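Residues in the sequence shown are numbered from 1 upward in steps of one, following the working numbering.
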Amino acid sequence: MSQLEPLMQEPLDLLHSMQPYVSENLQLLAPIDKAWQPTDYLPDMVAEDWREQVERFRSASQSISDELLVVLVGDMVTEEALPNYAISLNLIAQEYVGDVKLPWSQWLRGWTAEENRHGDLLNAYLRLTGRVDMRAIEVTVHHLINSGFNPKSYPDPYNGLVYTSFQERATRISHGNAGKLVLADGDSYLAKICQRIAGDESRHEVFYTRMMGRVFDLDPAGAMLAFRSMMRTIIAMPGRLMYDGKDPDLFDHFAIIAQRTGVYTVRDYASIIEHLVKTWDIAGRSVTGLAAKAQEYLCRQAERYQRFADEMTSALEKRPPIAFSWIHDRKV
Ligand SMILES: [Fe+2]
Ligand SMILES: [Fe+2]
């Protein structure tokens with residue numbers, strides 16, 4: 001195997017020069033003394049009426065469809081593989097992340113700490129429902145962390161910001177949609193959990209999108225090329241390598257159910273691209289040469305994906321039922 005290329009120096013220097021702007025935006029992390037914790041959304045096991053609390057919590061969860069359960073498990077597994085993402089962001093920022101006081105380092109650690117609650121809370125919720133095979137789920141998490149994660153953002157650190165801007169919005173949309181659907185099914189506890197997590201993703205999205213927006217202002221050509229290189233292939237979802245030891249196509253199968261339930265669809269994917277193209281004012285940037293070609297390409301993407309979304313949607317809806325180990329091999 002060939003060695004990794006060194007990270008591109010100019011983008012790194014530019015990100016480094018943005019420390020004051022990162023610092024201004026550290027307020028997008030919640031102060032720890034005011035931050036929510038998973039315990040706030042779970043039955044109080046110390047209370048005298050803990051049995052009743054658990055009973056109410058469990059009975060609300062019985063109304064959730066198997067399809068939604070599968071999507072929640074897939075989302076939880078993706079959140080639980082946080083070590084993968086923390087490692088990959090550290091790689092992107094390795095030049096300065098070693099200095100604990102620098103704003104970029106503060107952000108990356110604070111972001112990791114906030115994200116860490118997402119998997120914890122969904123994990124506790126799912127265990128309490130008694131409706132899923134926790135061991136099969138844990139095996140999946142084990143595999144996913146063991147397999148690692150390649151967002152294809154190396155060696156250009158701008159790519160990492162494009163990727164996280166996309167991903168935070170994707171998770172905000174999917175947790176938000178899941179919250180609405182489980183509320184309709186009758187589980188208000190889980191609806192609050194999903195909304196809470198979506199709220200974090202939303203703050204994180206604002207941060208990464210602002211940072212990349214600043215990169216577009218400071219280095220429009222480099223930013224344009226980075227965005228194009230990320231859009232050349234379908235953006236690799238962070239849970240793409242999930243495996244339960246049984247189903248080699250587990251992620252694809254999970255994605256089909258996410259599409260079918262409407263938690264996260266090909267149309268959402270297209271809408272995120274459209275949003276980023278608008279927010280970063282891709283059409284309005286003045287660039288020349290290769291960057292101008294990239295600009296043209298990017299301006300066509302949202303429409304291209306919308307068309308693709310229509311084809312994918314009808315193809316996915318025709319798929320036969322799939323068994324998931326996560327729900328004791330029941331088919332959905
Ligand atoms: Fe998250
Ligand atoms: Fe996130």
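Ideal Cβ positions, reconstructed from N, Cα and C, are used throughout, including at glycine. In this text the structure is predicted, and so the values were computed from the model without any measurement.
Pick helix, strand or coil for residue i, following the three-state DSSP scheme.
i: Phe-324; result: strand
i: Ser-2; result: In this prediction, Ser-2 scores a pLDDT of 38, lower than 50, which makes its location untrustworthy; no coordinate-derived value is stated.
i: Arg-330; result: strand
i: Asp-156; result: coil
i: Met-8; result: coil
i: Gln-37; result: coil
i: Tyr-336; result: The displayed coordinates of the chain run from 1 to 332. Any statement about residue 336 would go beyond what the structure contains.
i: Trp-50; result: helix
i: Pro-238; result: coil
i: Asp-185; result: helix
i: Met-45; result: coil
i: Asp-281; result: coil
i: Asn-90; result: helix
i: Thr-265; result: coil
i: Ile-137; result: helix
i: Thr-233; result: coil
i: Pro-31; result: coil
i: Phe-251; result: helix
i: Arg-131; result: coil
i: Leu-15; result: helix
i: Leu-122; result: helix
i: Ser-63; result: coil
i: Val-162; result: helix
i: Gly-148; result: coil
i: Lys-180; result: helix
i: Ser-286; result: coil
i: Leu-102; result: coil
For residue i, is the classification buried or exposed, using 16 other Cβ atoms within 10 angstroms of its Cβ as the cut-off for buried?
i: Met-1; result: Residue placement at Met-1 cannot be trusted, given a pLDDT of 34 that sits under 50; what the coordinates show is reported in the next sentence. Met-1 comes out exposed.
i: Gly-284; result: exposed
i: Leu-4; result: Any reading at Leu-4 needs caution, since the residue's pLDDT is 47, under 50, leaving its predicted position unreliable; the model's value is listed next. Result: exposed.
i: Ala-191; result: buried
i: Ile-257; result: buried
i: Pro-238; result: buried
i: Glu-79; result: buried
i: His-118; result: buried
i: His-328; result: exposed
i: Gln-167; result: buried
i: Trp-50; result: exposed
i: Leu-174; result: The sequence given here has Ser at residue 174, not Leu. When all chains shown are included, Ser-174 counts as buried.
i: Val-46; result: exposed
i: Asp-249; result: exposed
i: Gly-110; result: buried
i: Gly-148; result: exposed
i: Ala-81; result: buried
i: Ile-282; result: buried
i: Ile-197; result: buried
Since I believe residue j is in contact with residue i (beta carbons under 8 Å), could you give me their beta-carbon distance rounded to a whole number of angstroms?
i: Val-141; j: Leu-68; result: Actually they are not in contact, since the Cβ atoms of Val-141 and Leu-68 sit about 19 Å apart, beyond 8 Å.
i: Leu-290; j: Leu-241; result: In fact, because the Cβ distance is near 32 Å, the residues do not count as touching under 8 Å.
i: Pro-321; j: Val-332; result: 6 Å
i: Leu-14; j: Val-215; result: 7 Å
i: Val-71; j: Thr-233; result: In fact, because the Cβ distance is near 24 Å, the residues do not count as touching under 8 Å.
i: Val-266; j: Ala-302; result: Actually they do not touch by this definition, with Cβ atoms about 13 Å apart.
i: Met-8; j: Asp-156; result: 5 Å
i: Val-73; j: Val-139; result: Actually they are not in contact, since the Cβ atoms of Val-73 and Val-139 sit about 12 Å apart, beyond 8 Å.
i: Asp-75; j: Arg-330; result: Contact flag wrong, Cβ pair sits at about 18 Å.
Taking the continuous alpha helix (DSSP H) assigned at residue i, which residues delimit it?
i: Phe-207; result: 188-218
i: Leu-290; result: 289-317
i: Pro-20; result: 19-24
i: Val-73; result: 66-80
Tell whether a beta-carbon distance below 7 Å holds between residue i and residue j.
i: Ser-63; j: Gly-176; result: no
i: Asp-120; j: Pro-220; result: no
i: Arg-169; j: Ile-272; result: yes
i: Thr-129; j: Ser-59; result: no
i: Leu-298; j: Arg-228; result: yes
i: Ala-178; j: Cys-194; result: yes
i: Met-348; j: Asn-159; result: Residue 348 lies beyond the stretch modelled for the chain, which goes from 1 to 332, so this question has no answer here.
i: Ala-255; j: Tyr-305; result: no
i: Pro-103; j: Val-22; result: yes
i: Asp-244; j: Glu-114; result: no
i: Ile-137; j: Trp-326; result: yes
i: Leu-89; j: Leu-108; result: yes
i: Tyr-208; j: Thr-279; result: no
Using a Cβ-Cβ cut-off of 7 Å, state whether residue i counts as contacting chain D.
i: Arg-135; result: No chain D appears in the structure shown, which is made up of a single protein chain.
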